[in-house]
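Position one of the sequence shown corresponds to residue 468 (this note's numbering), numbered consecutively onward.
Everything on this sheet refers to the single structure shown next.
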Amino acid sequence: MLNNKSILKSEVTVTFLKSILEPNKSWYLALLLIFYVFSSTSEANTTSRATSTSLEATITLQTTSSLLEKTATQGLTQNLKGSILSAFQAQSSFEEATFNLEQAQYKIALQKFKLIEQSGFYSGELFLNMAITAIELDSLGLAKFYLQKAVEEPNTEAAAVEALVYLKSQFSRQAATLPPLPWDTALDYIEHNWGSLWLFWVAFFFLSLSVILQLFHWFGNASIRSKKSSAKQHIPTIIKGSWTSLFVFVTSLSLAIGIDYRSEKYTQAVIIAQEVEVRNSPSTSSELLVMGYEGYDCRIDFSVDSIQGWRFIRLSNGQTGWVLDETLRIH
468 MLNNKSILKS EVTVTFLKSI LEPNKSWYLA LLLIFYVFSS TSEANTTSRA
518 TSTSLEATIT LQTTSSLLEK TATQGLTQNL KGSILSAFQA QSSFEEATFN
568 LEQAQYKIAL QKFKLIEQSG FYSGELFLNM AITAIELDSL GLAKFYLQKA
618 VEEPNTEAAA VEALVYLKSQ FSRQAATLPP LPWDTALDYI EHNWGSLWLF
668 WVAFFFLSLS VILQLFHWFG NASIRSKKSS AKQHIPTIIK GSWTSLFVFV
718 TSLSLAIGID YRSEKYTQAV IIAQEVEVRN SPSTSSELLV MGYEGYDCRI
768 DFSVDSIQGW RFIRLSNGQT GWVLDETLRI H
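Now the structure itself:
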């Protein structure tokens with residue numbers, strides 16, 4: 468099912484209560500309202516089941532070329548711009564866009580899929596279909612972006628991961644898979660598998676353990692001061708345990724803070740243009756640092772403000788610079 472970020476409020480309950488308080492004919496109105504609500508609920512359940520089934524349908528890649536005229540796409544953009552879809556309209560648009568995809572009308576299909584996403588609806592199947600459409604439009608960078616979005620949805624994760632492996636082999640520049648820095652790889656693994664909150668709890672646990680061991684050492688040392696031989700055997704072990712726990716606390720806390728800081732400072736993005744000039748400053752006349760290509764993964768650095776359509780990015784190999792905003796898709 469597509470997930471809706473807005474909540475629709477109904478006034479059926481209020482109308483029903485008002486009608487009950489009126490004599491005679493109000494009871495007939497109440498019965499009619501009950502029947503209406505029951506019918507609407509049944510219809511909604513039926514629609515929900517149909518929606519779930521349709522979204523799980525597999526869409527195969529189309530190999531025929533698109534015969535769609537450019538004017539048709541422009542008209543669709545003007546008609547749908549700024550509109551907000553309801554849940555029923557979003558599902559209907561999804562089915563229409565899927566049909567357009569099957570009919571090789573890729574530009575119209577992508578326009579409708581984007582409208583669904585902009586209206587606050589999303590699903591793994593939606594992102595997969597958008598990736599398929601982007602592939603047919605020969606926009607592999609955009610397809611990679613939507614497949615990465617599909618990976619985040621549990622019901623399409625496996626299919627999206629498999630598709631990403633295939634897609635990476637299709638880029639003309641195999642450097643699109645730039646090797647990330649070792650510490651970035653480690654932080655990504657920790658963030659995706661554990662998270663900063665889990666690290667904060669680990670840090671709290673080892674801090675508590677360190678304090679408990681230190682207290683045990685202090686009080687234990689006072690109670691067994693007369694037993695020097697026993698103290699020599701146990702006290703050093705307790706101190707080592709306390710300091711080890713304190714070290715784990717500092718390490719876990721530092722990682723948690725670092726991951727939180729990085730998630731606030733950086734956002735993942737994908738280069739969708741075939742070629743991108745990464746420059747020293749936000750100007751086409753500034754020094755060219757390096758070339759970026761379609762499919763490159765990068766991070767948007769929000770600690771540096773964007774300037775007139777330029778973004779400051781950090782490539783996966785550590786290189787930084789300015790690129791045009793229109794060449795990126797940001798997660």
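Think of the CB as a built atom: it goes at the ideal place given N, C-alpha and C, for glycine as much as any other residue.
Small disclaimer: the values here were computed from a predicted structure and weren't measured.
Inset, instruction - Assign V743 to one of three DSSP states: helix, strand, or coil. - result: Looking up residue 743 in the sequence shown gives position 276. The answer is strand: DSSP assigns V743 an E or B state.
Legend entry - Beta-carbon spacing of G608, E793 below 9 Å: Here the question's residue 608 lines up with position 141 in the sequence shown. Here the question's residue 793 lines up with position 326 in the sequence shown. No, Cβ-Cβ distance for G608 and E793 is not below 9 Å.
Legend entry - Whole-number beta carbon distance between F638 and I739, since they are thought to touch under 8 Å: In the sequence shown, residue 739 corresponds to position 272, counting from 1. In the sequence shown, residue 638 corresponds to position 171, counting from 1. The pair is not a contact, with the Cβ atoms about 12 Å apart (cut-off 8 Å).
Legend entry - Residue burial classification, G785 (beta-carbon count within 10 angstroms, cutoff 16): Along the sequence shown, read from residue 1 onward, the residue named residue 785 stands at position 318. So G785 counts as exposed.
Inset, instruction - Kindly provide the ranges of any alpha helix (DSSP H) runs that are 4 or more residues long and lie completely inside the stretch 598-667, ordered along the chain. - result: 607-618, 624-635 and 649-660
Legend entry - Where A557 falls: helix, strand or coil (DSSP): Position 90 of the sequence shown, counted from the first residue, corresponds to residue 557. Correct three-state label for A557: helix.
Inset, instruction - Evaluate contact between the stretch 616-636 and the stretch 592-601, counting only Cβ atoms and requiring at least three cross-stretch pairs below 8 Å. - result: yes
Inset, instruction - Determine which residues share a DSSP beta bridge with W789 and list them. - result: Here residue 789 is taken as the residue at index 322 of the sequence shown, counted from 1. Per DSSP, R746 and F779.
Inset, instruction - Measure the CB-CB distance between V715 and V678 and report whether it falls below 9 Å. - result: Taking the first residue of the sequence shown as 1, we reach residue 715 at position 248. Taking the first residue of the sequence shown as 1, we reach residue 678 at position 211. No, they are not a contact pair.
Inset, instruction - Would you tell me roughly how many angstroms separate the C-alpha atoms of Q681 and S709, rounded to the nearest one? - result: Position 214 of the sequence shown holds residue 681. Position 242 of the sequence shown holds residue 709. If I take the Cα positions, the gap works out to 6 Å.
Legend entry - CB-CB length for T787 against R781, believed under 8 Å: Along the sequence shown, read from residue 1 onward, the residue named residue 787 stands at position 320. Along the sequence shown, read from residue 1 onward, the residue named residue 781 stands at position 314. Right, the Cβ-Cβ distance comes to about 5 Å (below 8 Å), so this counts as a contact.
Inset, instruction - Take D727 and list the residues in its own chain whose beta-carbon comes closer than 8 Å to its own, dropping the five residues that flank it on each side. - result: Indexing the sequence shown from 1 puts residue 727 at position 260. Taken in chain order, the residues that qualify are S663.
Inset, instruction - With DSSP collapsed to three states, give me the class of Y728. - result: As a working mapping, residue 728 is identified with position 261 in the sequence shown. It is helical.
Legend entry - Cβ neighbour criterion (16 or more within 10 Å) applied to N622: Numbered from 1 along the sequence shown, position 155 holds the residue referred to as residue 622. By the 10 Å Cβ count, N622 comes out exposed.
Legend entry - Rounded separation between L604 and A576 - CA only: If you number the sequence shown from 1, residue 604 lands on position 137. If you number the sequence shown from 1, residue 576 lands on position 109. L604 and A576: Cα-Cα distance of roughly 11 Å.
Inset, instruction - Going by CA-CA distance only, name the one from L568, Y573, F580 and F566 that's closest to A439. - result: No information on residue 439 is available, as it lies outside the stretch 468 to 798 that the chain covers here.
Inset, instruction - Tell me whether F671 is buried or exposed, calling it buried when 16 or more other Cβ atoms sit within 10 Å of its Cβ. - result: As a first step, residue 671 is located in the sequence shown; it is residue number 204 there, counting from the start. Label assigned to F671: exposed.
Inset, instruction - Starting from A813, trace the alpha helix (DSSP H) both ways and give me its first and last residue. - result: With the chain covering only 468 through 798, there is no way to say anything about residue 813.
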